[in-house]
Every structure is written in C-alpha cells, then in structure tokens.
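Participant: Before I ask anything, here is the structure I am working with.
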Amino acid sequence: MTESTYRIQGATGEWEVVVGLEVHAQITSHAKLFSGASTTFGAEPNSQVSLVDAAMPGMLPVPNGECIRQAVRTGMALNAQINRWSRFDRKNYFYADLPQGYQISQLYHPIVGEGEIVVTMDEKDPDSATKTIGIERLHVEQDAGKLMHDQHPTRSYVDLNRSGVALMEIVSRPDMRSPAEAGAYLRKLRTILRYVGSCDGNMEEGSMRADVNVSVRKPGDPLGTRTETKNVNSVRFVMATIECEAQRQVDVIEGGGKIVQETRLFDPDKVETRSMRSKEDAHDYRYFPDPDLLPLELEDDFLEDCRRSLPELPDAKRKRYEEGLGLSAYNAAVLTAEAETARWFEALMAEGARIQKKSEGEVAKASANWLLSELFGALNRLGRTLDDSPVTPERGAELLALVADGTISGTISKQVFEIMLETGDAPPKIVEERGLKQTSDTDAIEAAVAKILADNGDKVAQYKGGKEALFGFFVGQTMKAMQGKANPQVVNELLKTALG
Amino acid sequence: MMTNLTDLTVAEIRAGFRAGEFSAREVASAFSANVASAKALNAFIVETPDHALAAADAADAARASGDLKPLSGVPIGMKDLFCTQGVQSTAASHMLEGFVPTYESTVSQKLWDAGAGMLGKLNLDQFAMGSSNETSYFGNVISPWRRGGGDNAPLAPGGSSGGSAAAISARLCPAATGTDTGGSIRQPAAFTGISGIKPTYGRCSRWGIVAFASSLDQAGPMARTVRDNAILLEAMAGFDAKDATSLDLPVPKWEAALSSDLRGKKVGIPREYRVDGMPAEIDALWEQGIAFLKDAGAEIVEVSLPHTQYALPTYYIIAPAEASSNLARYDGVRYGLRDLPDGAGLQDMYAATRAAGFGPEVKRRIMIGTYVLSAGFYDAYYTQAQKVRTLIARDFERAWESCDVLLAPTAPSAAFALGEKQADPLAMYLNDVFTVPASLAGLPAMSVPGGLDSSGLPLGLQIIGKPLDEQGVLNAALAIEERAGFTARPERWW
C-alpha cells in the first residue's frame, strides 16, 4: 500500500485532494423494488408503471426478495458486515418525478455496514500499487422517474418507467486521494458488481452513477469543506470532476474565499462543475421509518444461500490463475479484469481440456495467449466485444486442439481463425475442406527440399561456407513450397540432413 | 304481516332470503329506496343502486341454482375511503373529487366475492381525519338521532365513519364498512346506537384504502348487532400479499363461535380511564356494563394502564406524521385535482393544488406532521412518541396477565351538536381519549350500545381484547348486547 503523491500546485504550495464516492447501482432484477412492474431499459415512456409506482391512492409497497438478495450478495462480495435487521425509511420531498412524494430508502438502519475494496492503481500492471478503500455502508432504495423537457415548448413530461426501480447506494469512506484512485475504485467496484451479477455496471444507460464528494487541504491538515457533485455517469467524468472541482476549490481558497458545502453539477462540455443548491436551500427530508413496511429480518438460511451463490471474486480468481494455472501476472490480471473475459476464458479452457483429454493447467497458457492476442486482436479489428464475438469458446477450443495435436501449424491456425471469423464454420471442417492439414509426409517434403536446394545452388554454397543464418531461408522456402502445411520439425530435420 | 325488509339485520336477511321469504332484489330495492329518500342525512357521497341490484340479481340466480355465498342477498354501504373500481372514490376530499379508480380495494373485493352488493359510497371526515364528520368536503353527515324534549339541534354522527354509522342507524343499509385509525369505527357507532369492531392491526388488508396513518389504519365492519359484525368481519379479513403489514393467518369462524357465556373469563376495568370531568351518565353506563358482564359469568378485576394519559398526545404526533407523508402523493401531477395558475411553475402548482384540494383539518394535520418530523424536532416528538407507544402497548401486555378483555366507555360523551366543537380542535381530539390507546397498541376493540343518556341519545361501551382475540371481544360485546336490550332507534324526521 502506498500513499498517493497526487497534488495540486497552488500559489501557496501543494494541496491534497480528498475524495469519497456515493455510487448508485441499479440492481439487476426483472421487477422493481416494491412493485411487480418490469425494469426493461429503453421501453416506451410510462409503459412499465404499476399502480404502486404511480402512487395511486391506497397503493402499498411490498419488498421484492430478489432485490434484497442481490444487495446482500453484493455486501458479502465487499467483505462487508451484513445487518440481519434493517429498516426502510421515507425520504420526503416534492418533485414531479417522485410520485409518492417520498423515496423509500434506508437512512437509519442500512442492510449492509462496513466493508472494503482493494484497488490496484493499474489493473494491467501486476507490480502496480494497491490501496484499500473503506466502504461505509450499502443500502437499498427506490429510483425516481424522469422528467422530459424537450417534448413541449412550455411544459415538462414525466416518464415513470424508472420510478421504483431498485438501487443500491454504495457509500465509500473519504479514502481516495486522486482522480486515478477514484477511477480505480469505480472500475473495481463495477467489476465486483458484474461478477456478482447484482448490477450490469452500464454507466451509459445510467444503471451506475456516482455522486462525487471532493475537498482539498494542505497535506497533514484536517479535512476541508466538501462539495458533492451529483450524478456523474462515467469513470472518465468522475476523474474529470475531481480534477476540475479540486482545482476550483484551491483557486477559491487561495483567492481568499471559502468553500461552501453545496450540491454541484458536472458539465462535461465545459469540463467544469456548477452550483446546484447550497446547504441553506437543502431540503429537510423528514426521514422516518416507513409504516407500510415491516423491518427486514434476514434468516440464517437466506444468508447461507446468498453466500453459497457467490461466484469466485476477481481477487481470488486472479490469484488462482497465477498460482494454480501458472499464468503470467499480466495475463491473470487482464483475464480477470472483466467478469465476461474470465467466463469466456474458463469456458475455452474447460472445453480445451475436455477435447484434448488434458488438465486445465496444461491447456491454460495456450488458451490465455490465444484469447488475449488472437481473439482480442480480431474483436478489436471488428469493433466487437466478447458478448457478440463471432467465435464461441467451443470453436476456439477446437482450433487450439488442432494446433496442440499437430494437425495444423501455428501459422495455419491464424488462417483457419480468419475463416472462422468470416464463416462461423467449425475449425476441423475448415481444415478438412480446404486441405490445410499439416503434413509429415517425408517424401513430399524431401522432394520440395531437393528442388529448393537445386534452385538455390549459390545459397547452398554460402551456407556450407559458414553463413548458417541462411538456414532460416531454406525453412521459409520449404514451408512456402508446402503451402505452410509441412510439419516444421520434419522440415528442420530433412533440411539439416540434406545440407549435410 | 309484511316484514319491513329494511328493519332486518344481516343475519335475518340471510335467513329470510335463503328460506325464500323474499328475494335479494326486494331487499336491495327496499334499501335503495331508503337511501334515495334520506338525502337530508347526507350519508352518501355516491349512490350505487345498480351495483346493489346487480349483486342481488346474482344472488337470486345463485339461490335458484343452490350456489349461495356467505353474503348473498345482503346489500351494504361502503365508506368512501375504499377505492372501488369504476365508482368515484374521494375520501370526502375535493382533492379526489371525480377520481374513479381502475382497481378495487382488497376488502371491498372480498365483500363482493362473498356475494354482497353496494348501495353507495358513504360520507366521512375528509381523509378520515375528524370525529364529527364536519371535515367532509361534501358537507357533514347529520345524525338521524335527535335529543328528546323538542331540541332539534342537528347532531354529529361521530367520525370519521359517520356516514356508515348514520346510514345503518337510519336503516339505509343493514351494515357498512368503516375504517378506524384512532376510533373512527367505534366512536360513530357509539354516537348512533350501533356496533362496530376494529380488528387486530393486520387482520384486514389496507390495499386500496386511501391511507391516513399507515401504522394505525384498520378496516372493520359496522352493523346493528354483534352477530352481523362477526359475519361481515369474516368476509373482510384475511391475508393479502399486497399489504406487507397484513397478517398471514387463517380467518377464524367468529360467528359460529359466538357465545355470551363469560364464565371463567376475567374482565379488566382500567383505572386510568376514569378521567376528570367525565359525565356521571358515562360513569353510570360503565357501572351498568360491569353489572352486565358479571351477570354473564365474568369476574371483574381492576387493572392499571399507567401510560393512558399519554396516549392522546402520542396519537396526535404519530398519526399526523404518517399522514403528512402519506398525503404527499396528492400533488396535482398524475390524478385528482390540479390547480395550475397561469404561468405557474411546479412549486406554484403544488401550492395551489394542495391549498384548494385539502380542507382546514387535513392541512392542520399535515402541518403538525411536517413539524414533528422536521430536523431538530424529530427526536423530541416523533422518536419520543414511538417510545411512549411501546410503553402503552406494554401496559396492555401487563394487563392481559390478569384479565381477558377490558371494558371501558367508547367516548366521553353522547353525540354533540354539529358545530359545537368545530372551533376548538383540542376539544374535538379529546373525543378519542378512550379509543386511541387500543389503536396505538394495534388491539381489537369494539363498541356496542349500552343504553341511552338522559336526553335519549345512545351511549356505547367499548370492549378491548388481546391481539388476535376478536372472538373474546365479540363474545363480551354479545353478553352486553343481550342484556342491554337496546332497541331504541331514531325517529324519522328526514
């Protein structure tokens, strides 16, 4: 663990930045937190609204067990304390996107208490520094609807599709000291959420957004006054928010001003934050326990079920890849950085082990190398991701098996892969139909070698005169003559014999 | 001699209808006619004779095919706090005037499923806030009762279920639904010489009932007899997955287990309910009730509920606090009244809509509730009230160690004249002094007529029971009913 050296250079010296994040993560669930309505993104406005979501008279909330389960599993993945007794509170305020006139949240007794996340400053650098960021709490709450201001010249419209959707609010300690640390924290949190499957982490669609708390101080001084920049919706913007807001605070303080505790907005076009409302205008939310809901009491069996359903988490997986499978630290880090990559890799490896009748450890390295260089290279080129990869792990494993058993050479495998990308055909079929099988037929190779040596008498003489580097030329020519299908080992041996 | 159908109780209608003495259509028509001719009482906000007739025709058809339901042939009144599909549901407010739900409350649906029909939506105090029915936007209900001796001052039917109480006592319907948050079933029942029971909190689903104070609101029946209450309650109660506070328990067969034999039962008399300034007539009524229960075989014991004096202030913190939040949804955005002045923004629309849509008492409670929940006052009021509420519940738990039910007056007086207490909200709130403790503790409690005061107005006795012991409450009430021989009824003037 290392201390950040990120500093803002002010006129009066160096300033340290203190950052805490409140992340709102939409819980992956087909139904809303307290109603049976659907949660599909991008549906027609007001098409996913139940009587409860619209807060019709006499409607009552009933907790959705799946949302509670996901919150508990997430808490467990954050090594956090799970509170067996928690309670829902009402946060009262008026706004057109809030049909009940209150948001059901958890202020006094959140479902998850303190936890932590270990972040690596550079996920792809195994020697990069790590830092532990404290989690203060995780609680469950309802999302609000959405106002649409562009539908009518003088009026606003309300879309309640999002009203009542379940969110987890994950509150960090003010443990981050730089934009990079905040970025690393967000990325790691998103990775964990995706591993657990409790949130898709999709910041573009708004299923994950962050409120960014920033303050500055001279190193060693007590905490300064913080501002909270609301609803920042990408890792890049969070980092930019911290950078420009910290700079603004330094400028204000050094200009003789004072930082006001307030809510701000980030403007990505101008790369600046703007005041939204100050503490004096802050709402009095009049929190009190929601009398429509009983306290949540979690039973042992439920907790045990949550724990059993947790997948292997990124840190543990990375360690296993390195120590158990013998992968390089770099490969282990890249393969575990996204849940989807690890899932793909493990499917590839399992299928490879099955076809080749080997252990996973024996096929791990070849699988990792192929995935990270060949497959990722191709996906990059095609502008695709693993989710919509034209090649499945099963097909990839078949390809690697053909290389491993000597049916095709590594060079030919690249050619086969290109055809797979185009046609989606199975590798054995491609090799068969296009006659790409590697040959160890010594007669054919011998004939080719003889012809090449005969055609290149001058080079043979040079070689024999001591220019041994020319051996590679003969190999290349032979392989070319054999259209790449000759077994390289056989070519080597035959050439050596022929050249004396 | 032709029976006057509108004088029959639910049990009598059920029996006569089944025996073929009359048709369900005749019953529904007779009550509908009474409803139509009693506009002076202002008991109904909406009359729905077609609903009652349709249920009656279904009942008549069912009788022909031998497929009768528990309430086949019985028309009832529905307090206009219950949302009814396709029928305006207002909570007696301007805010919801013209609001026609697309859904049916769980309790009303259960009643229709049991074969009952609806004569109309009954007037009430606006959003169930009041003890006299004077806060209704649609004008107050007038009690069918009048004081003797030529005093024709119009009297309050009690509240908030005043329309239900007045309609039953005036024979406009044999039974009706009520809701009770701090006494809204029991006090109007007492004022109008009928019976009504608030079951244990959680027995009846709150889904589809316009919320006043969620932790206190309970639906219950009102009718002229204890038996009728048992019949209605069986149809109304039961677990509802749509209400997280609903109790997942089977519904007992209360009617079948009715018994006025109280031998072996102990009846507690709460010492602290003898409040200063209680009229002698109320005291005498209470003594009479004790004598009735002794006669039924019960042993009388004195008990103490030491935190009783704090119940009223506690109630008037918790109920407004919850109401201030529950009523926030009436904002003019999605349904109900919208007052949008020219050029107004969102905040202006809220202010205008809520200023126009809520009556003074509702506004008063929203303001009290907002105040007690606000930063800096929350602990002093709301947190403290919750603690006292726990102590009040504990008082009752201790009392159950020495008795099975409690007997007390329902209200500190007989019905008062309309307008008499309107200027003084505190005097009005005092009406709930005997009913709010059981509400705060979530206990079943019932009012049953005990007698008349010197001016000929009904007085009610209240039985409070252990959690889930509606049977004990009904049985003790039955013992009183049998002995009180209450046959008085308002003389028709409307």
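If you read the sequences in order, they're chains A and B. The number in the numbering used here is simply the position in the first sequence, starting from 1, with 588 added. The number in the numbering used here is simply the position in the second sequence, starting from 1, with 3 added. Idealized CB from N, CA, C, for every residue including glycine. Here the structure is a predicted model, which is why all the values come from computation and not from measurement.
1. In chain order, what residues of the same chain have a beta carbon less than 8 Å from the beta carbon of MET589 (chain A), not counting five sequence neighbours either side?
2. Hey, could you find the ends of the alpha helix (DSSP H) LEU1041 (chain A) is sitting in?
3. Would you tell me roughly how many angstroms separate the C-alpha atoms of MET4 (chain B) and ASP10 (chain B), rounded to the nearest one?
4. Under the DSSP definition of a beta bridge, which residues are partnered with ILE705 (chain A)?
5. Going along chain B in order, which residues have a C-beta closer than 9 Å to the C-beta of GLY689 (chain A)?
6. Assess contact between the stretch 27 to 36 of chain B and the stretch 191 to 204 of chain B, defined as three or more Cβ pairs (one per stretch) separated by less than 8 Å. Is contact present?
7. Give me, in chain order, the residues of the same chain whose beta-carbon lies closer than 7 Å to that of SER405 (chain B); leave out the 5 immediate sequence neighbours on both sides.
8. With MET81 (chain B) and SER111 (chain B) assumed to form a contact (beta carbons below 8 Å), what rounded beta-carbon distance in angstroms separates them?
9. Identify each residue in the stretch 207 to 241 of chain B for which the Cβ-Cβ distance to at least one residue of chain A is less than 8 Å, and report them in chain order.
10. DSSP state of MET589 (chain A), grouped into three classes?
11. Which runs of the beta strand (DSSP E), 3 residues or longer, sit entirely within the stretch 149 to 213 of chain B?
12. Given this structure, state the Cα-to-Cα distance separating ALA954 (chain A) from LEU988 (chain A), to the nearest angstrom.
13. Report yes if the CB atom of GLU100 (chain B) is closer than 8 Å to the CB atom of CYS86 (chain B), and no otherwise.
14. Given HIS618 (chain A), which residues of its chain have a CB within under 7 Å of its CB, disregarding the five upstream and five downstream residues?
15. Can you look up ARG678 (chain A) in the DSSP assignment and give me helix, strand or coil?
16. Give the straight-line distance between the Cα atoms of ARG824 (chain A) and MET709 (chain A), rounded to the nearest whole angstrom.
17. Name, in chain order, the residues that DSSP records as bridge partners for TYR690 (chain A).
18. List, in order along the chain, the chain A residues whose C-beta lies closer than 7 Å to that of CYS406 (chain B)?
19. Going by other Cβ atoms of all chains shown within 10 Å of its Cβ, with 16 needed for buried, is TYR140 (chain B) buried or exposed?
20. Along the chain, where does the beta strand (DSSP E) that runs through THR815 (chain A) open and close?
21. Tell me whether ASN143 (chain B) sits in a helix, a strand or coil according to DSSP, three-state version.
22. Roughly how far, in whole angstroms, is the beta-carbon of PRO452 (chain B) from the beta-carbon of ILE197 (chain B), given that I think they are within contact range, below 8 Å?
23. Give the single residue among A:ARG782, A:GLN837, A:ASP1043 and A:THR851 whose Cα lies nearest to the Cα of VAL820 (chain A).
24. My output table needs one value for ILE996 (chain A): the three-state DSSP class, helix, strand or coil.
25. Residues in the same chain with beta-carbon distance under 7 Å from VAL38 (chain B), minus the five sequence neighbours each way, listed in chain order, please.
26. Would you mind reading off the limits of the beta strand (DSSP E) that contains HIS612 (chain A)?
27. May I ask you to list, following chain order, the residues of the stretch 853 to 883 of chain A that have a beta carbon less than 7 Å from some beta carbon of chain B?
28. Would you please state the rounded distance, in angstroms, between the beta carbons of LEU421 (chain B) and PRO157 (chain B)? I believe it to be under 8 Å.
29. What are the residues that DSSP puts in a beta bridge with VAL991 (chain A)?
30. Check each candidate in B:ALA18, B:ALA173, B:ALA119 and B:VAL144 and name the one with the smallest Cα separation from ARG495 (chain B).
31. Please report whether the beta-carbon of LYS245 (chain B) lies at a distance below 8 Å from any beta-carbon of chain A.
32. Report yes if the C-beta distance between SER327 (chain B) and THR373 (chain B) is below 8 Å; otherwise report no.
33. Provide the residue span of the alpha helix (DSSP H) that contains LEU443 (chain B), from first to last.
34. Out of A:ALA1032, A:ALA952, A:GLY994 and A:PHE629, state which residue places its alpha-carbon closest to the alpha-carbon of LYS734 (chain A).
35. Could you name the residues that DSSP lists as bridge partners for ARG862 (chain A)?
36. From SER217 (chain B) to ILE780 (chain A), what does the alpha carbon distance come to, in whole angstroms?
Facilitator: From the atom records:
1. Reliability of the predicted coordinates at MET589 (chain A) is poor, the pLDDT of 45 falling under 50, and no value is obtained from them.
2. Counting along the chain, the alpha helix (DSSP H) containing LEU1041 (chain A) begins and ends at 1030 to 1043.
3. Note that MET4 (chain B) has pLDDT 40, beneath the 50 cutoff, so the model's placement of it is unreliable and the number below is only indicative. Approximately 14 Å between the Cα atoms of the pair.
4. Beta-bridge pairing links ILE705 (chain A) to A:ILE721.
5. Going along chain B in sequence order, the residues near GLY689 (chain A) (Cβ under 9 Å) are SER328, ASN329, LEU330, ALA331, ARG332, TYR333 and ASP334.
6. When Cβ pairs closer than 8 Å are counted between the two stretches, the stretch 27 to 36 of chain B is seen not to touch the stretch 191 to 204 of chain B, the count staying below three.
7. Closer than 7 Å at the Cβ level, and outside the excluded window around SER405 (chain B), lie LYS269, GLY271, VAL304 and VAL306.
8. That pair is a contact at about 6 Å.
9. Within the stretch 207 to 241 of chain B, the qualifying residues are ARG209, TRP210, GLY211, ILE212, VAL213, ALA214, ALA216, SER217 and SER218.
10. Note on MET589 (chain A): pLDDT 45, under 50, position unreliable in the model; no value is reported.
11. Contiguous beta strand (DSSP E) elements confined to the stretch 149 to 213 of chain B occur at 178 to 183 and 198 to 201, taking only those with 3 or more residues.
12. Their Cα atoms are separated by approximately 8 Å.
13. Result no, Cβ atoms of GLU100 (chain B) and CYS86 (chain B) do not sit closer than 8 Å.
14. Within its own chain, the residues whose Cβ lies closer than 7 Å to the Cβ of HIS618 (chain A), once the five positions on either side in sequence are excluded, are SER626 and THR627, listed in chain order.
15. For ARG678 (chain A), the secondary structure class from DSSP, reduced to helix, strand or coil, is strand.
16. Approximately 15 Å between the Cα atoms of the pair.
17. According to DSSP, which records beta bridges pairwise, TYR690 (chain A) is partnered with A:ASN680.
18. In chain order: nothing, as chain A lies at least about 29 Å away.
19. Residue burial is scored here from C-beta neighbours: TYR140 (chain B) has at least 16 other C-beta atoms within 10 angstroms and is therefore classed as buried.
20. Unbroken beta strand (DSSP E) run through THR815 (chain A): 815 to 820.
21. Reduced to three states, the DSSP call for ASN143 (chain B) is coil.
22. Contact between PRO452 (chain B) and ILE197 (chain B) holds: their C-beta atoms lie close to 7 Å from each other, under 8 Å.
23. Closest by alpha carbon: A:THR851.
24. Residue state, collapsed to three classes: coil.
25. Once the five neighbours on either side are set aside, the close Cβ partners of VAL38 (chain B) are PHE47, GLU50, LEU122, GLY123 and LEU175.
26. Note, HIS612 (chain A): beta strand (DSSP E), 601 to 614.
27. When CB distances to chain B are screened at a threshold of 7 Å, the residues of the stretch 853 to 883 of chain A falling below it are ASP872, ARG874, PHE876, PRO879, ASP880, LEU881 and LEU882, in chain order.
28. With a Cβ gap of about 5 Å, LEU421 (chain B) and PRO157 (chain B) count as contacting.
29. The partner list for VAL991 (chain A) (beta bridge, DSSP) is empty, contrary to what the question assumes.
30. Considering only alpha carbons, the answer is B:ALA173.
31. For LYS245 (chain B), the closest Cβ of chain A is nearer than 8 Å.
32. The Cβ atoms of SER327 (chain B) and THR373 (chain B) sit closer than 8 Å to each other.
33. Residues 439 to 444.
34. Cα-wise, what sits closest to LYS734 (chain A) is A:PHE629.
35. Beta-bridge analysis with DSSP links ARG862 (chain A) to A:LEU853.
36. The alpha-carbon atoms of SER217 (chain B) and ILE780 (chain A) are separated by roughly 39 Å.
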